[in-house]
Amino acid sequence: MQEADAHKARITQIEEFINDVLKEDLKQLEHHLNLFNEEIMEYVQLKNTLQTFGDHMPAGYKTQVNIGSNIFMQARVKQMDKILVNVGKEVYLEMSMDEAIRFSDVRIKILTKQADVVREESVKKRSQIKMALIAISEREKLLQQQDDR
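Numbering (full-length UniProt numbering), first residue to last: 1 to 149.
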């Protein structure tokens with residue numbers, strides 16, 4: 001009887017560990033992965049936009065610019081050889097279109113590698129959860145076998 005109580009206590013400990021530690025770690029990893037994916041998509045969008053400007057609008061384009069309080073003014077961009085790119089922490093650098101495209105490519109590669117590391121950690125956490133669930137199942141089988149005796 002005392003051994004059965006020890007198995008039940010251990011099962012409870014494992015369940016608490018799964019819910020309080022492993023699942024919370026997994027949530028954090030998924031959150032970080034989503035942030036990486038969002039940033040990757042921003043750089044992909046920047047690269048696609050720059051390529052579109054270079055291919056289809058070499059002479060410039062017309063647009064509307066928000067000048068405040070949702071009041072828009074028509075503007076014309078004539079010179080598109082240099083643009084400002086946010087390189088992080090709200091720091092902007094002036095780059096040519098080609099430099100900005102190369103910068104986007106590099107950032108996409110770096111962020112993809114970082115996301116892959118987080119993805120691997122997520123897989124490890126999932127396997128830890130699965131192993132803990134298997135341990136619970138085995139302990140419950142032992143309890144069942146003891147009850148049958």
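We treat Cβ as the ideally placed atom computed from N, Cα and C, and that holds for glycine.
Item                                                                                                        : Value
Outcome for S104 when other beta-carbon atoms lying within 10 angstroms are tallied against a minimum of 16 : buried
Span separating the alpha-carbon of F36 from that of I11                                                    : 36 Å
Three-state secondary structure assigned by DSSP to S96                                                     : strand
Distance, E121 Cα to F53 Cα                                                                                 : 39 Å
Distance between K78 and I101 (C-alpha atoms, nearest Å)                                                    : 20 Å
From M57, I18, H7 and A9, residue whose alpha carbon lies closest to that of L133                           : I18
Environment of R126 [buried if 16+ CB atoms lie within 10 Å]                                                : exposed
Cβ-Cβ distance between E39 and L84 below 7 Å                                                                : no
Pair within 7 Å by beta-carbon distance, G146 and A6                                                        : Going by the sequence as given, residue 146 is Gln instead of Gly. No.
Own chain residues within Cβ distance below 7 Å of R139, not counting five before or after                  : H7, R10 and I11
M73 - containing beta strand (DSSP E), residue span                                                         : F72 to V77
Where the beta strand (DSSP E) through L84 begins and ends                                                  : K82 to G88
Extent of the continuous beta strand (DSSP E) to which N66 belongs                                          : Y61 to N66
Nearest-angstrom Cα separation, counted from K82 out to M73                                                 : 22 Å
Rounded distance between the beta-carbons of E15 and I136, thought under 8 Å                                : 7 Å
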